[in-house]
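Asks: A single structure is presented below for examination.
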Amino acid sequence: MFEWLFDPRYYPLILQGLTLTVEITLFGVFLGLLLGTLLAIGDIYGGKLVRGIIAVYVEFFRGSPLFVQLLIAVYTVPAILNLQIDHYLLAFLVFGLNSAGYQKGYMKGSMQTILDDQMAAGTSVGMSKVQTLRHVILPQAYRIVIPSWTNEFCSLTKSTSTLAFIGLLDLTGAGLSIKGATMQILPVWIVIGAIYLVWITGFSKIMDIIYEKKKIPGVELIMQ
Amino acid sequence: MTEYVMEARHVYKTYRIKGTKKEDTKIVEAVKDVSLQIRKGDIKLIFGPSGSGKSTFLRCMAMLDIPDKGEIYLGDQCLTKPGVDLNKARARIGFVFQHIYLFRHLTALGNVELALRKVLKLPKEEARKRALAALEEVKVTECINKYPSQLSGGQAQRVGIARAIVRSPDIILLDEPTSALDPELTGEVIDTLRDLAKEGTTMLIVSHEMPFARDVAEEMIFYDEGHIIETGPPSLFFNAPNTDRAKQFMTRIINRTTRE
């Protein structure tokens, strides 16, 4: 049943799959954070039009399955633009854009708990709004948002398993290949599932440690 | 050259309080045609019933709230004209908040230093030196590396004052600096304000600390329903105010203080 586990021929496959899964998750969460921050700021300070566009953006990426978004990106966008676009690149972008849809909400929520009084304090000492955002609001908001960020990381990691179905070799894709070669269905998925579990649990623990380390007395999420 | 450090000319400000329903929205006329002049070294104290618009007026002076009408002058510069660099102007005004509003992710020292680094663009060592001097002035040297949530209310407000004075502003505006503190902690903040007064700091203070007012204020301003009702030296208010409203208010306040 598990003899294939000791066959070194499969190791590069698993490693390659895991690498893509990890890369795309980390990139997605990172791009999502950058973009999500901008969307949150736009949603707080923007006019009606900006807020409307952001609302449509968020509803699209939260309201439709990530897999459907991937299919659209990979199979229709290049055709419409009449361009050859690397599937990896498109997948990376979809994960970032999708995550931004969620992270906008987390960022806006954590910014709003501190915005009014801290903005008044920042401008009262002569800083501009942008300076206050940068030096006062965001450093606090990022600390508050870390736990939501960990959740986002878990959910995004699991979503990467859809990559196998657009022909990319992620961890699930590696599982599919090994299953095809060994015809061991349950053992393969048990092992693949365990790798996901170890990676997600391990990384979440690291994030928890970062949260505790970065936590500042008085700057934390108030749970209602 | 104007002889005033700061001046308000016929300032108006209304704001809305949104209710749960649309009909519940209230329009509050917090500042109605208020004019005020402050000379260098002046200490003026605004007092009056809560909800009368004193704080809104003070925020208008600092351009933290933009007046609907009227002018605010900082020296010769009119701050209410369009195109004025308000950030530069605010850097010359110190503001102390009722609820303190320290930057929660920075230590006491970091709070005082931030504007020196980011607004005045001072080099690190000089900013540190000035911040430490300001913290020494308000007598919080023992907890400069603590975060705001670890400070007592009195310590926090003194850090708030240090943050306001460290840039050597032309004037300091204080919005009820002691009213959010426990009664036993107001003394240390008042002592700090007395020290500032001794040094000739120009101050406009919203406060109901009557003994403090009597000792340091050159002028007291009774403010109610968006207007200045009566102004005069403390002796006027403590003996015989001209208006009935001021009389009633003083009676109430003095009774309250003696009963405590």
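Those sequence lines, one after another, are chains X and L.
Be aware that the first sequence starts at 670, since it is given in my numbering, and climbs by one per residue.
Be aware that the second sequence starts at 107, since it is given in my numbering, and climbs by one per residue.
We put the CB at the ideal spot given by N, CA and C, even for glycine.
Tell me which residues share the same chain as residue 777 of chain X and place their Cβ nearer than 7 Å to its Cβ, disregarding the 5 neighbours each side in the sequence.
Replies: Counting only Cβ-Cβ distances below 7 Å, and skipping sequence neighbours, we find 709, 712 and 713.
Asks: CB residue 359 of chain L to CB residue 152 of chain L, shorter than 8 Å?
Replies: Not a contact, by the Cβ cut-off of 8 Å.
Asks: Use the C-beta contact count for residue 705 of chain X: other C-beta atoms within 10 angstroms, 16 or more gives buried, fewer gives exposed.
Replies: Its Cβ being crowded by 16 or more others within 10 Å, residue 705 of chain X is buried.
Asks: Note down, in chain order, each residue of its chain lying with its Cβ closer than 7 Å to the Cβ of residue 366 of chain L, except the 5 sequence neighbours on either side.
Replies: Any reading at residue 366 of chain L is ruled out, since the residue's pLDDT is 48, under 50, leaving its predicted position unreliable.
Asks: Helix, strand or coil for residue 787 of chain X per DSSP?
Replies: Residue 787 of chain X falls in the helix class under three-state DSSP.
Asks: Looking at C-alpha atoms only, which residue of X:756, X:812 and X:819 is the closest neighbour of residue 868 of chain X?
Replies: Checking every option, the nearest Cα to that of residue 868 of chain X belongs to X:819.
Asks: For the alpha helix (DSSP H) containing residue 198 of chain L, name the first residue and the last one.
Replies: Per DSSP, residue 198 of chain L belongs to no alpha helix (DSSP H) and is neither H nor E.
Asks: Once DSSP output is grouped into helix, strand and coil, what is the label at residue 366 of chain L?
Replies: In this prediction, residue 366 of chain L has a pLDDT of 48, which is less than 50 and means its spatial position is unreliable; what the coordinates show is noted afterwards. Residue 366 of chain L falls in the coil class under three-state DSSP.
Asks: Among L:321, L:260, L:336 and L:362, which one has its Cα closest to the Cα of residue 352 of chain L?
Replies: Residue 352 of chain L has its Cα closest to that of L:336, out of L:321, L:260, L:336 and L:362.
Asks: List the residues of chain L that residue 793 of chain X touches, going by C-beta distances under 7 Å, in chain order.
Replies: Under the 7 Å cutoff, chain L gives 168, 170, 196 and 201.
Asks: What is the DSSP secondary structure of residue 882 of chain X, reduced to helix, strand or coil?
Replies: Here residue 882 of chain X sits in helix by DSSP.
Asks: Do residue 103 of chain L and residue 138 of chain L have their C-beta atoms closer together than 8 Å?
Replies: Here chain L comprises residues numbered 107 to 366, so residue 103 of chain L is not present and cannot be evaluated.
Asks: Could you give the first and the last residue of the continuous beta strand (DSSP E) run that contains residue 141 of chain L?
Replies: From DSSP, the beta strand (DSSP E) with residue 141 of chain L extends over 132-145.
Asks: Please return the same chain residues whose Cβ sits closer than 8 Å to the Cβ of residue 166 of chain L, not counting the five positions on each side in sequence.
Replies: Taken in chain order, the residues that qualify are 114, 117, 119, 137, 172, 173 and 178.
Asks: Decide if residue 892 of chain X is buried, meaning its Cβ has at least 16 other Cβ atoms within 10 Å, or exposed.
Replies: Low local confidence applies: a pLDDT of 46 at residue 892 of chain X is under 50, so the model's placement there is unreliable, and no value is given.
Asks: Using a C-beta to C-beta distance shorter than 7 Å, which residues of chain L count as neighbours of residue 888 of chain X?
Replies: Near residue 888 of chain X (Cβ distances below 7 Å), the residues of chain L are 210 and 211.
Asks: Would you tell me roughly how many angstroms separate the C-alpha atoms of residue 182 of chain L and residue 306 of chain L, rounded to the nearest one?
Replies: Each residue's alpha carbon lies about 21 Å from the other.
Asks: List, in chain order, every chain L residue whose beta-carbon is nearer than 9 Å to that of residue 828 of chain X.
Replies: The premise fails here: residue 828 of chain X is roughly 32 Å from chain L at the closest Cβ pair, so nothing lies under 9 Å.
Asks: How should residue 221 of chain L be labelled, buried or exposed, when 16 other C-beta atoms within 10 angstroms of its C-beta is the threshold for buried?
Replies: So residue 221 of chain L counts as buried.
Asks: Using Cβ-Cβ distances below 8 Å, what residues of the segment 795-818 of chain X are close to chain L?
Replies: Residues passing the 8 Å Cβ filter: 795, 796, 797, 800, 804, 805, 808, 809 and 812.
Asks: Out of curiosity, what's the CA-to-CA distance linking residue 209 of chain L and residue 807 of chain X?
Replies: Going from the Cα of residue 209 of chain L to the Cα of residue 807 of chain X covers about 12 Å.
Asks: Anyone know if the C-beta pair for residue 847 of chain X and residue 809 of chain X falls short of 8 Å?
Replies: Against a cut-off of 8 Å, the Cβ pair of residue 809 of chain X and residue 847 of chain X comes out as no contact.
Asks: Helix, strand or coil for residue 893 of chain X, going by three-state DSSP, please let me know.
Replies: Residue placement at residue 893 of chain X cannot be trusted, given a pLDDT of 38 that sits under 50; what the coordinates show is reported in the next sentence. Looking at residue 893 of chain X - three-state DSSP - the assignment turns out to be coil, as it is neither helix nor strand.
Asks: Closer than 7 Å between beta carbons: that is the criterion. Which residues of the segment 212-231 of chain L meet it against chain X?
Replies: Answer in chain order: 220, 221, 224 and 225.
Asks: Which residues in the same chain as residue 146 of chain L place their Cβ atom closer than 7 Å to its Cβ, once the five residues preceding and following it in sequence are excluded?
Replies: If we look at residue 146 of chain L and ignore the five residues flanking it on each side, its Cβ neighbours are 111 and 308.
Asks: Considering only residues of the segment 813-887 of chain X, which uninterrupted alpha helix (DSSP H) runs meet the minimum length of 4 residues and lie entirely inside it, listed in chain order?
Replies: Within the segment 813-887 of chain X, the complete alpha helix (DSSP H) runs of at least 4 residues are 840-851 and 854-883.
Asks: Suppose contacts are defined by Cβ-Cβ distances below 8 Å. Is residue 780 of chain X in contact with residue 801 of chain X by that definition?
Replies: No, these two residues do not count as a Cβ contact at 8 Å.
Asks: Touching or not, the segment 829-837 of chain X and the segment 757-764 of chain X, by the rule of three or more beta carbon pairs under 8 Å?
Replies: Result yes; three or more Cβ-Cβ pairs closer than 8 Å.
Asks: Cβ of residue 790 of chain X less than 8 Å from any chain L Cβ?
Replies: True, the Cβ-Cβ gap to chain L drops below 8 Å.
Asks: Once you ignore the five residues that flank residue 195 of chain L on each side, which residues in its own chain have a CB closer than 8 Å to its CB?
Replies: Hits under 8 Å: 169, 180, 183 and 185.
Asks: Enumerate in chain order the residues of its own chain whose CB-to-CB distance from residue 694 of chain X is below 7 Å, with the five nearest sequence positions on each side excluded.
Replies: Counting only Cβ-Cβ distances below 7 Å, and skipping sequence neighbours, we find 822, 825, 826 and 829.
Asks: Checking contacts by CB at 8 Å: is residue 367 of chain L closer than that to chain X?
Replies: Since the first and last residues shown for chain L are 107 and 366, residue 367 of chain L lies out of range.
Asks: Can you tell me where the beta strand (DSSP E) holding residue 309 of chain L begins and where it ends?
Replies: Element bounds for residue 309 of chain L: 309-312.
Asks: Near residue 314 of chain L, what residues of its chain come up, given a Cβ to Cβ distance below 8 Å and the 5 sequence neighbours on each side ignored?
Replies: Once the five neighbours on either side are set aside, the close Cβ partners of residue 314 of chain L are 153, 282, 285 and 359.
Asks: DSSP three-state label for residue 689 of chain X, please.
Replies: Correct three-state label for residue 689 of chain X: helix.
Asks: My output table needs one value for residue 256 of chain L: the three-state DSSP class, helix, strand or coil.
Replies: Looking at residue 256 of chain L - three-state DSSP - the assignment turns out to be helix.
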